[in-house]
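Numbering (our numbering), first residue to last: 10 to 116.
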Amino acid sequence: QKLVELEDFELLAQNLERDAPNRFKEWFNELTPEDSKLPLDWKRLDQAYFQKLLVIRCLRPDRMATALANWIRMVLPGGRDYMDCDASLSFYEVLSSAYEDSTNATP
């Protein structure tokens with residue numbers, strides 16, 4: 010309920026409840042709603058992804074980890090390198106690398 014108190018989000022509750030409840034329900038039921046456009050004029054939040062994160066946090070908090078990872082990849086310099094740094098390595102290679110970097114004083 011606090012989101013509707015923020016500038017630009019005043020109509021969100023009205024849109025959810027009265028204007029397009031079925032369209033919001035369809036978005037809510039998407040497997041990956043963070044990759045889908047929101048209904049009505051809220052699709053503009055795809056251009057302001059941080060604001061879309063606020064809506065995702067309110068309506069689908071279970072998808073926040075994936076949505077934040079997407080935001081880091083898109084926005085932060087080197088974000089893709091940071092998020093996907095070990096994607097090409099096997100579990101054994103990651104663990105071996107971590108072991109090589111550790112000492113008795115720095116686990």
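C-beta: ideal position from N, C-alpha, C; glycine also.
Because the structure is a prediction, the values reported are computed rather than measured.
Discussion item. Does E26 pass the burial test, meaning 16 or more other C-beta atoms within 10 Å, or should it be called exposed?
Written reply: As a first step, residue 26 is located in the sequence shown; it is residue number 17 there, counting from the start. So E26 counts as exposed.
Practice prompt. Under 8 Å by Cβ, that's how I've got L49 and N24 pegged, so tell me the actual separation to the nearest angstrom.
Written response: Within the sequence shown, the letter at position 40 stands for residue 49. Within the sequence shown, the letter at position 15 stands for residue 24. Right, the Cβ-Cβ distance comes to about 6 Å (below 8 Å), so this counts as a contact.
Worksheet item: Leaving out five residues before and five after F37 in sequence, what residues of the same chain have Cβ atoms less than 8 Å from its Cβ?
Response: Numbered from its first residue, the sequence shown carries residue 37 at position 28. L68, R69.
Worksheet item: Between V64 and the rest of its own chain, which residues show a CB-CB distance below 6 Å, the 5 nearest in sequence each way excluded?
Response: Counted from its first residue, the sequence shown places residue 64 at position 55. Once the five neighbours on either side are set aside, V64 has no close Cβ partner at all.
Worksheet item: Taking the Cβ atom as the reference point for each residue, do L62 and L40 lie within a distance shorter than 8 Å?
Response: Taking the sequence shown and counting its residues from 1, one reaches residue 62 at position 53. Taking the sequence shown and counting its residues from 1, one reaches residue 40 at position 31. No; because the gap between Cβ atoms is not below 8 Å, this pair is not in contact.
Fill in: Cα-Cα separation, Y101 to N113
Stepping through the sequence shown from its first residue, residue 101 is reached at position 92. Stepping through the sequence shown from its first residue, residue 113 is reached at position 104. Looking at the two C-alpha atoms, the distance is approximately 21 Å.
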